[in-house]
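Chemist: Sending over a structure as structure tokens; questions will come in a sec.
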Amino acid sequence: MNLTSSSMLSVDSISKAYKEKSESLNVLSKISFSLQASQFCALFGPSGAGKTTLLNIIGGLDVPDEGQVIFEGKRIDSLDERSKAKLRSSVIGIVFQNPNLVAHLTTLENVILPSLFEINESNNENSRKQRAISLLTRVGLESKMKTMPTKLSDGEKRRVSVARALLTEPKLILADEPTINLDSENRDAVLDLIRESTERGAVAIVATHDEDVSKLSDPILHIKFGKLSYAC
Ligand SMILES: Nc1ncnc2c1ncn2[C@@H]1O[C@H](COP(=O)(O)OP(=O)(O)OP(=O)(O)O)[C@@H](O)[C@H]1O
Ligand SMILES: [Mg+2]
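This note's numbering puts the first residue of the sequence shown at 48, with every later residue one more than the last.
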């Protein structure tokens, strides 16, 4: 696959090994692919294949041993932590495999809070709140806005984490098993939101074991034994 200058996201020859004492586990081996605006890409692979590791590297939460990640023409894997955090609070939206909600905040506050330091005149707190309410309603949580995380089911927490990731209308969406624990109606609601984001020009990578996600996906990526294969 060519890494072209028109790509919105280029992942170039990424390798990652986890080293412990004398042992080394090679998880990703020279992974390369590129995606253009509006592409929705499913990422498949057996448990332990490296899907989360790859998403973490693209989102700047982990560093590769080799290779680079280029987003909108800028290398992002070598940015300092502050710059990476700024990207994650604005243009990159991450749905974590573990929702990680803040225990002392309500559902609505959990969705709004991560983006608060990005608020400016054109994107004020009130508009963020309205968008958070709209997203939470789309994922069926209109009656849970003031609920604390300990009183949410796992599927509800996951839906909150999807709303949180999409709040800033990110251009790059990295979603790690966003539909796990969800019934078909809520799964469709989550996938519709991600698909609508790509229709507005975002790039989305969705790590999943759900074969139905491949129906929305072009291309489809598979990771196995550290290598990536690619199907359209
Ligand atoms: N911090 C770490 N230290 C050591 N090994 C790790 C670490 N994180 C992940 N691994 C190992 O790297 C491999 C890939 O893990 P990863 O979480 O990326 O897999 P995955 O494809 O997301 O799996 P799943 O479908 O179960 O979520 C696994 O063998 C895992 O044990
Ligand atoms: Mg994973």
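Quick reminder that beta carbons are idealized off the backbone N, C-alpha and C, glycines included.
All values derive from a computational prediction rather than experimental measurement.
1) Give every residue whose Cβ lies closer than 7 Å to any heavy atom of ligand 2, listed in chain order.
2) Which residue marks the beginning of the alpha helix (DSSP H) containing I180, and which one marks its end?
3) Entirely within the stretch 48-111 and at least 4 residues each: give me those alpha helix (DSSP H) ranges in chain order.
4) In angstroms with no decimal places, state the Cα-to-Cα distance between C88 and L82.
5) Entirely within the stretch 109-170 and at least 3 residues each: give me those beta strand (DSSP E) ranges in chain order.
6) Give the secondary structure of S200 by DSSP, where H, G and I count as helix, E and B as strand, and everything else as coil.
7) Within this structure, are the beta carbons of I270 and G97 separated by less than 9 Å?
8) In or out: A251 buried (at least 16 other Cβ within 10 Å) or exposed?
9) Measuring straight from C-alpha to C-alpha, what distance separates T215 and M55?
10) Please classify K197 as buried or exposed, where buried requires at least 16 other C-beta atoms within 10 Å of its C-beta.
11) If you follow the alpha helix (DSSP H) that I241 is part of, which residue opens it and which one closes it?
12) Return helix, strand or coil for L214, following the three-state DSSP convention.
13) Expressed to the nearest angstrom, what Euclidean distance is found between the alpha-carbon atoms of I180 and V237?
14) Are the CB atoms of V142 and A64 within a distance shorter than 9 Å?
15) Drop a sphere of 10 angstroms on the beta-carbon of L275, count the other beta-carbons inside from all chains shown, and report buried for 16 or more, exposed for fewer.
16) Give me the DSSP bridge partner(s) of I252.
17) At a cut of 8 Å, does the stretch 142-162 reach the stretch 183-199 through at least three beta carbon pairs?
18) Report yes or no: do three or more beta-carbon pairs, one from the stretch 101-112 and one from the stretch 184-193, lie closer than 8 Å?
19) Does G273 pass the burial test, meaning 16 or more other C-beta atoms within 10 Å, or should it be called exposed?
20) What is the C-beta distance between G114 and S62, in whole angstroms, given that I count them as a contact (C-beta under 8 Å)?
21) For a test of the three-state rule: what should DSSP assign to L268, helix, strand or coil?
22) Please state the DSSP three-state secondary structure of K191.
23) How would you write the range of the beta strand (DSSP E) that S261 sits in, first residue to last?
24) Would the beta-carbon of V74 be found less than 8 Å away from any heavy atom of ligand 1?
25) Rounded to the nearest angstrom, what separates S53 and G120 at their Cα positions?
Modeler: Quick look at the numbers:
1) Taking every residue with its beta carbon within less than 7 Å of a heavy atom belonging to ligand 2 gives, in chain order, K98, T99, Q144, D223, E224 and A254.
2) Unbroken alpha helix (DSSP H) run through I180: E172 to R185.
3) 98-105
4) 8 Å
5) 113-118 and 139-142
6) coil
7) With a cutoff of 9 Å on beta-carbon distance, I270 and G97 are scored as near each other.
8) buried
9) If you take the alpha carbons of T215 and M55, they lie about 18 Å apart.
10) Checking the sequence, you will find Thr at residue 197 rather than Lys. Exposed.
11) S231 to E246
12) coil
13) 15 Å
14) If you check the CB distance, A64 and V142 do not come in under 9 Å.
15) buried
16) C88 and L221
17) yes
18) no
19) buried
20) 6 Å
21) strand
22) helix
23) Where S261 is concerned, there is no enclosing beta strand (DSSP E), given that its DSSP letter is neither H nor E.
24) yes
25) Here the alpha carbon of S53 sits roughly 9 Å from the alpha carbon of G120.
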